[in-house]
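I have placed the structure first, in the form of structure tokens, so that the comments after it can refer back to it.
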Amino acid sequence: MENIRRNVYVDNAATTAVSEEVLAAMLPFYKEIYGNPSSLYELGQQAKGPLEEARATVAGCLGAKPNEIYFTSCGSESDNWAVKGAARAQRRKKGKTHIITSAFEHHAVLHTCQALEKEGFEVTYLDVHEDGLVRPQELEAAITENTALVTIMYANNEIGSIQPIPEIGEICKKHGVLFHTDAVQAIGNVPIDVREQNIDMLSLSGHKIHAPKGVGALYIRAGVFIDNFMDGGAQERGRRAGTENVAQIVGLATAMRRATDTIGQRVARLTPMREKLIDGILQIPRSRLNGSREHRLPGNASFCFQGVEGESLLLLLDMHGVSASSGSACTSGSLDPSHVLLSIGLPHEVAHGSLRISFGDYNTMEDVDYILEVLPKIIERLRSMSPLWDAIKTGKVNYDQYM
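Here my numbering is used: the first residue of the sequence shown is 333, the next is one more, and so on.
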């Protein structure tokens, strides 16, 4: 194959580069306004003001109140705090021990639910069907008098499917059940109003929207009481100990304001790129798009290619300067196929040949053209070395139903 080298980063669902605007907003808090915001002296109070301004900014982006925003280290911490904190509080106060989630949540939720099962909680894992969508009627049917919490992600991190969150929120409100959503992938891609959508708790992370790694937030609706996840000092109104990372919190707020203010422009720019990519890739024989094409994040496209190993595909793409993934970055070291792809009904042999491409603010239509130029050649090369592909071509193995 021709030795071409470009730098095309299309793994924005995994992480993003810190923007110049965010970096500029953060810098003063590393060398000039570096005081502890819990301190009474002037240097500390100089940091306290921007911290609370950032809280108000994040709240405004979600339709929340500033006193409902708690800063954390990441989306995973926010998920753990929301799910464990709510479940344990509901058991202690009301004796409820049933949790409802979906089969393809991020591992920050799935593994948390599995840990709670060891504590005696019962967890219902809803089917997400071939299109990667939870059915609200199935969720409602799963609610019992013992249900303490429903936790359904806003948009899936691997296949990009957007869940019917307003409908789910309405059902939970109707039955008096707490509702948490992991909105890490949705921020900046989907308009969110926690009050209109009846969301009780919402997790988010900075590094998906051009803020740094290591900062996130949890929205907890006023009146919802959950157990603390981290004990220690009185920071975050006594609910999340640890000196606040003011620089990164300011960066998070800066990124969130820009992301939410420009949702319309981002959707209008990324959707044509995504659609051109999907149309082009589906021209490759024995390829498939994973999840709903309609209810999908504007920059996300997930595919499977029969007779191809995802790891080899990523390595050859990298040799051509394309940085992509085969699923969640959190499990990229695993040899097992994605639990997300298995949850939508794909067999191991098909799920192993997956590719996730996620566009962001710095991608262009030229990036799409380049991927469509190099990817078919890579697929052809890998299939020429694949015994499984030979079996598929000769009809010894048949995966037609997964096309």
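Beta carbons: idealized from backbone N, C-alpha and C, even for Gly.
These numbers were taken from a predicted model, which means no experiment stands behind them.
Query                                                                                                          : Result
For Val729, the three-state DSSP class (helix, strand or coil)                                                 : coil
Residues bridged to Ala487 (per DSSP)                                                                          : Ile494
C-alpha distance - Arg625 paired with Ile524, whole-angstrom precision                                         : 21 angstroms
Backbone CA spacing between Glu384 and Asn344 [nearest angstrom]                                               : 29 angstroms
Inter-residue spacing [alpha-carbon to alpha-carbon] between Met562 and Glu528                                 : 30 angstroms
Arg338 classed as buried or exposed, judged by whether at least 16 other C-beta atoms fall within 10 angstroms : exposed
Bridge partners - Glu454, DSSP secondary structure assignment                                                  : His430
Residues near Ala474 by beta carbon distance below 8 angstroms, same chain, minus five either side             : Ile432, Thr456 and Leu458
Neighbour-count burial assignment, Ser716, 16 or more Cβ in a 10 Å radius                                      : exposed
Residue of Ala435, Val682 and Ser434 minimising C-alpha distance to Ser634                                     : Val682
Bridge partner(s) assigned by DSSP for His512                                                                  : Thr483 and Met533
Coil, strand or helix - Thr696 by DSSP                                                                         : coil
Helix, strand or coil at Ser410 [DSSP, three-state]                                                            : helix
Buried versus exposed call for Ala418 [16 or more other C-beta atoms within 10 Å across all chains shown]      : buried
Bounding residues of the beta strand (DSSP E) (the contiguous stretch that carries Phe403)                     : Ile401 to Thr404
Paired residues, beta bridge with Tyr373 - DSSP                                                                : DSSP, once it has assigned bridges, lists no residue as partnering Tyr373.
Ile610 in three-state terms, based on DSSP                                                                     : helix
Gln517 beta carbon less than 7 angstroms from that of Ser560                                                   : Sequence check: residue 560 is Asn here, not Ser. No, they are not a contact pair.
Proximity to Glu576 [Cα-Cα], best of Ala346, Gly376 and Glu353                                                 : Gly376
Where Asp593 falls, given that 16 or more other Cβ within 10 Å makes a residue buried                          : exposed
Given His438 as reference, the closest of Gly492, Phe403 and Val547 once Cα atoms are compared                 : Gly492
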